[in-house]
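> Numbering-wise, the sequence shown is residues 1 to 93 according to the UniProt record's numbering.
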Amino acid sequence: MERDSLLAHGTSFLLHDRLQNCSDLSYCHVCKLCGSILSPVVEHGDKSDQHKTVSCRTCETTKGVETVALPYVFRYLVSEMFAMNMRLTLEVE
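Structure, rendered in structure tokens:
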């Protein structure tokens with residue numbers, strides 16, 4: 001109800017600020033090729049090597065993996081949907 005009244009007054013910046021930045025902002029890796037949040041995995045090198053690579057398990061490539069800012073509750077929703085055998089994909093530009 002509060003969200004609808006704020007949208008009616010054109011305050012999209014306020015919604016973005018309150019519902020993401022001040023709430024539960026988190027960063028995650030998204031594969032641009034398959035659109036999956038859960039497939040990208042961070043691979044560590046040797047203990048002496050501080051370089052980390054992110055690759056997608058579904059596409060089996062390191063190309064096209066981007067870091068995006070999302071609310072943590074959205075990541076949790078995607079995990080719950082995946083547990084119920086529903087796949088959610090994102091279109092990242």
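Built from N, CA and C at the ideal position, the CB exists for glycine as well.
To the nearest angstrom, how far is the alpha carbon of Arg3 from that of Gly64?
Each residue's Cα considered, the two are about 34 Å apart.
> For His44 and Ser55, I'd like the C-alpha separation in whole angstroms.
The alpha-carbon atoms of His44 and Ser55 are separated by roughly 11 Å.
> Excluding the 5 residues preceding and the 5 following Val30 in the sequence, name in chain order all residues of the same chain whose CB lies nearer than 6 Å to its CB.
Around Val30: Ile37, Glu66, Val68, Leu90 and Val92.
> Sort out for me which residues DSSP pairs Cys31 with in a bridge.
Answer is Val65.
> Near Pro71, what residues of its chain come up, given a Cβ to Cβ distance below 8 Å and the 5 sequence neighbours on each side ignored?
Cβ neighbours of Pro71 beyond the five flanking positions: Leu19, Gln20, Ser23, Asp24, Leu25 and Ser26.
> Tell me the residue span of the beta strand (DSSP E) that contains Ser79.
No beta strand (DSSP E) contains Ser79, which is instead part of the alpha helix (DSSP H) from Tyr72 to Ala83.
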